[in-house]
Amino acid sequence: MDNGSSLDALISAFLRYTELSAVKFDSVRDIIKIEVALNTNLEEAQGNNFIDACRQSMALFYRMRNLNPIHISLKSIQHAGITILRLYRDSRTLAEEEIGLFIGLVRQEFASWLIRDDNDMVTAALLNEEEKTQVVNKIKSGQESFRNFFVYRDKGRVFVFNR
0 MDNGSSLDAL ISAFLRYTEL SAVKFDSVRD IIKIEVALNT NLEEAQGNNF IDACRQSMAL
60 FYRMRNLNPI HISLKSIQHA GITILRLYRD SRTLAEEEIG LFIGLVRQEF ASWLIRDDND
120 MVTAALLNEE EKTQVVNKIK SGQESFRNFF VYRDKGRVFV FNR
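0 is the number of the first residue of the sequence shown in numbering that gives the first Met the number 0; add one for each residue after it.
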């Protein structure tokens with residue numbers, strides 16, 4: 000996946016899944032960090048069990064899609080009464096469907112604890128393919144090359160930064 004299609008996949012996933020609290024792309028290391036927040040502190044065993052189940056599901060997904068990920072890791076981070084679940088992936092082999100799988104597994108296990116932005120008024124308007132393409136093209140046409148992308152959501156608005 001090149002940087003342009005990586006950005007496109009990141010924005011598409013972020014617009015589609017209100018559970019995503021942040022997505023960061025480091026082009027120097029070619030790592031995408033996808034974050035989901037839970038409004039509880041998971042016990043270590045519960046977090047580890049989820050990570051193990053997630054790895055198994057993703058391994059099956061990779062076999063079915065004949066993918067060989069260059070980098071994959073999962074973390075559970077506790078902070079101030081919340082848990083951040085992070086998926087780290089290389090951009091070259093990341094598929095948008097994989098992000099959907101990750102979100103589906105999080106929903107299945109932690110639906111009642113998910114912190115999500117349910118203000119869909121702005122998000123629904125941005126799901127239009129033409130508008131999404133305009134955002135991607137605007138970022139691509141900037142003076143700086145692709146370096147580090149950070150995407151986050153606040154009150155139904157999606158913010159994309161090229162740092």
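Beta carbons: idealized from backbone N, C-alpha and C, even for Gly.
Could you check what DSSP says for D51 in three-state terms: helix, strand or coil? In this structure, D51 counts as helix in the three-state DSSP scheme.
Can you tell which of R54, K23, M63 and V35 has the C-alpha that lies nearest to the C-alpha of S72? For S72, the closest C-alpha among the options R54, K23, M63 and V35 is that of R54.
Residues that Q77 bridges to, as DSSP identifies them: Answer by DSSP bridge pairing, in chain order: T82.
Own chain partners of R115 with C-beta closer than 7 Å, once the 5 adjacent residues on each side are dropped: Here the set comprises T17 and E18.
Exposed or buried, M63, counting other C-beta atoms within 10 Å across all chains shown (16 or more means buried)? Residue environment for M63: exposed (fewer than 16 other C-beta atoms within 10 angstroms of its C-beta).
For A36 versus I83, is the C-beta distance shorter than 7 Å? Cβ distance < 7 Å, so A36 and I83 count as in contact.
Taking the CB atoms as reference points, tell me whether S75 and L113 lie closer together than 7 Å. With a cutoff of 7 Å on beta-carbon distance, S75 and L113 are scored as not near each other.
So, using beta-carbon positions, are L93 and I31 closer together than 7 Å? Inclusion of L93 and I31 in the CB contact set at 7 Å is warranted, their separation being smaller than that value.
Closest to H70 by C-alpha separation, out of T39, E43 and Y61, would be which residue? Selected option, being the one with the closest Cα: Y61.
Of the listed residues S56, N38 and T39, nearest to E97 (C-alpha basis): The shortest Cα separation from E97 among S56, N38 and T39 belongs to S56.
Using a beta-carbon distance below 7 Å, is W112 in contact with chain C? Annotation note: the requested chain C is absent from the structure, which comprises a single protein chain.
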